[in-house]
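To start, the structure itself, in structure tokens.
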Amino acid sequence: MLTPAAVVARIHRSLLIHRRGLAALCLGLSCWLVLGEVRAGPARTVEVWTAAHDLPGGAALTADDLRRTKFLAETAPPAAALRAEQLVGRTLAAPLARGDVLTRADLVGSRRLDGYPGRSAVGLRIPDADAAALLRPDDHVDLVASDPQQRGAGSRDPETLVRDAIVLAVPRAASGPGAGDHPGRLVVFAVPSDDAAHVAATGATLFLTPIWNR
2 MLTPAAVVAR IHRSLLIHRR GLAALCLGLS CWLVLGEVRA GPARTVEVWT
52 AAHDLPGGAA LTADDLRRTK FLAETAPPAA ALRAEQLVGR TLAAPLARGD
102 VLTRADLVGS RRLDGYPGRS AVGLRIPDAD AAALLRPDDH VDLVASDPQQ
152 RGAGSRDPET LVRDAIVLAV PRAASGPGAG DHPGRLVVFA VPSDDAAHVA
202 ATGATLFLTP IWNR
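Residue 215 is where the sequence shown ends in this note's numbering, and the numbering goes up by one at each step.
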């Protein structure tokens, strides 16, 4: 029976005898691995636009809000915006954190109505800017219309203009010259399509007040 020392000695002799063959085998394996990586080539990437910093819902996007970022092709969101012209000047429907990928679904537009069949998007000005600032995307509210100029006999009673209007976006308040020409705050709502024309016309002439449902 071989002692442990004898076993180690035998293995050592075998390695010495076959060392050239083992070295050639290791060299061949290394070359094969390197050639395999060369043939595979680098992983394919795509460049998409991400938020350069935290962006509030309702922000009108500028070039300074955007950053070009590389993603592996298989990990980039399918609806990611690939061209800056798809984004600059558009309004965000919801807040984004720095580094978030911008997609078409993040913008105010027809795609924001996905999931709201039978509704149309209507921009309405809420005269009380403080009340409008409390609105958030996906809030459900009733909109009450009244005429603050009419008082006393013959005045028009407040009416519920639309029930269960859904907030799509609260664009950032305008600033700079001319900003004071439009008091209040513009809000984009999803309202029943059959009522959209009436809501838009009435909202342009009467004082609108949101009432939160849930």
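The beta-carbon is built from N, C-alpha and C at its ideal position, and this holds for glycine as well.
Original post:
Are Phe72 and Ala82 closer than 9 Å when you measure CB to CB?
Top reply: Position 71 of the sequence shown holds residue 72. Position 81 of the sequence shown holds residue 82. Going by C-beta atoms, Phe72 is not nearer than 9 Å to Ala82.
**OP:** Pick out whichever of Ala77, Gln150, Asp107 and Ala122 has its Cα sitting closest to the Cα of Ser194.
**Re:** For this step, residue 194 is matched to residue 193 along the sequence shown. That would be Ala122, whose Cα lies nearest to the Cα of Ser194.
Original post:
How long is the line joining the alpha carbons of Asp140 and Pro79, rounded to whole angstroms?
Top reply: Start at 1 with the first residue of the sequence shown, and residue 140 comes out as number 139. Start at 1 with the first residue of the sequence shown, and residue 79 comes out as number 78. So the two alpha carbons sit approximately 27 Å from each other.
Original post:
Taking the alpha-carbon positions, what's the Trp50 to Glu160 distance?
Top reply: Numbered from 1 along the sequence shown, position 49 holds the residue referred to as residue 50. Numbered from 1 along the sequence shown, position 159 holds the residue referred to as residue 160. Approximately 44 Å between the Cα atoms of the pair.
**OP:** Just confirm the distance between the C-beta atoms of Ala61 and Pro172, as a whole number of angstroms; I'd bet it's less than 8 Å.
**Re:** Along the sequence shown, read from residue 1 onward, the residue named residue 61 stands at position 60. Along the sequence shown, read from residue 1 onward, the residue named residue 172 stands at position 171. With 8 Å as the limit, Ala61 and Pro172 qualify as a contact, their Cβ atoms being about 7 Å apart.
**OP:** Report the residue from Thr210, His54, Val109 and Glu48 whose alpha carbon sits nearest the alpha carbon of Ala98.
**Re:** Start at 1 with the first residue of the sequence shown, and residue 98 comes out as number 97. Checked all of Thr210, His54, Val109 and Glu48; the closest Cα to Ala98 is His54.
**OP:** May I have the straight-line CA-CA distance separating Gly179 from Gln87, to the nearest angstrom?
**Re:** Here residue 179 refers to the residue found at position 178 when the sequence shown is read from its first residue. Here residue 87 refers to the residue found at position 86 when the sequence shown is read from its first residue. Note that Gly179 scores 43 on pLDDT, short of 50, meaning its location in the model is unreliable and no value can be drawn from it.
Original post:
Does DSSP put Arg69 in a helix, a strand or coil?
Top reply: Translated into the one-based positions of the sequence shown, residue 69 becomes position 68. Strand at Arg69.
Subject >> Pairwise C-alpha distance: Ile212 and Val163 >> reply: For the purposes of this step, residue 163 is identified with residue 162 of the sequence shown, where counting begins at 1. For the purposes of this step, residue 212 is identified with residue 211 of the sequence shown, where counting begins at 1. So the alpha carbons of these two residues sit roughly 11 Å apart.
Subject >> Alpha-carbon to alpha-carbon, Val200 and Arg158 >> reply: Position 157 of the sequence shown, counted from the first residue, corresponds to residue 158. Position 199 of the sequence shown, counted from the first residue, corresponds to residue 200. Sequence inspection shows Asp at residue 158; the Arg mentioned does not correspond to that position. If I take the Cα positions, the gap works out to 17 Å.
Subject >> Residues of its chain near Asp143, where Cβ-Cβ distance is below 6 Å and the 5 sequence neighbours each way are ignored >> reply: For the purposes of this step, residue 143 is taken as residue 142 along the sequence shown, with counting starting at 1. For Asp143, where only same-chain residues beyond five positions count, the Cβ hits under 6 Å are Thr161, Arg164 and Ile212.
Subject >> Pairwise C-alpha distance: Phe208 and Arg105 >> reply: Position 104 of the sequence shown holds residue 105. Position 207 of the sequence shown holds residue 208. In a straight line, the C-alpha of Arg105 is about 33 Å away from that of Phe208.
Original post:
Hey, would you say Ile127 sits closer than 9 Å to Arg68, going by beta carbons?
Top reply: Sequence index remark: in the sequence shown, residue 127 carries index 126 (1-based). Sequence index remark: in the sequence shown, residue 68 carries index 67 (1-based). No, the pair does not count as a contact, with Cβ atoms beyond the cut-off.
Original post:
What does a CB cutoff of less than 7 Å around Val188 pick up in its chain, not counting 5 residues either side in sequence?
Top reply: By one-based count along the sequence shown, residue 188 stands at place 187. Closer than 7 Å at Cβ, skipping near neighbours: Leu125, Ile127, Ala133, Leu136, Val168 and Val171.
Original post:
Among Thr70, Glu75 and Asp101, which has the Cα closest to the Cα of Leu56?
Top reply: Within the sequence shown, numbered from 1, the residue matching residue 56 stands at position 55. Comparing Cα positions, the closest option is Asp101.
**OP:** For Arg113, count neighbouring Cβ atoms within 10 angstroms of its own Cβ and tell me buried if that reaches 16, exposed if not.
**Re:** By 1-based counting over the sequence shown, the position of residue 113 is 112. Buried, since its Cβ has 16 or more Cβ neighbours within 10 Å.
**OP:** Using the DSSP secondary-structure output, state which residues sit across from Gly124 in a beta bridge.
**Re:** What you label residue 124 is simply residue 123 of the sequence shown in a count that begins at 1. Answer is Val189, bridged to Gly124.
**OP:** Given a cut-off of 9 Å, decide if Thr203 and Ala146 are closer than it, judged by their beta-carbon atoms.
**Re:** The residue you call residue 146 lines up with position 145 of the sequence shown. The residue you call residue 203 lines up with position 202 of the sequence shown. Yes, the Cβ-Cβ distance between Ala146 and Thr203 is below 9 Å.
Original post:
What does His141 pair with, by DSSP beta-bridge criteria?
Top reply: As a working note, residue 141 is residue 140 in the sequence shown. Ile167, per the DSSP bridge assignment.
Original post:
Cα-Cα, which of Asp148, Leu103, Asp115 and Pro149 is closest to Ala64?
Top reply: As a position in the sequence shown, residue 64 is number 63, starting the count at 1. Considering only alpha carbons, the answer is Leu103.
Original post:
Are the beta-carbon atoms of Leu108 and Arg120 separated by less than 9 Å?
Top reply: Residue mapping note: residue 108 aligns to position 107 of the sequence shown, counting from 1. Residue mapping note: residue 120 aligns to position 119 of the sequence shown, counting from 1. Between Leu108 and Arg120, the gap from beta carbon to beta carbon reaches 9 Å or more.
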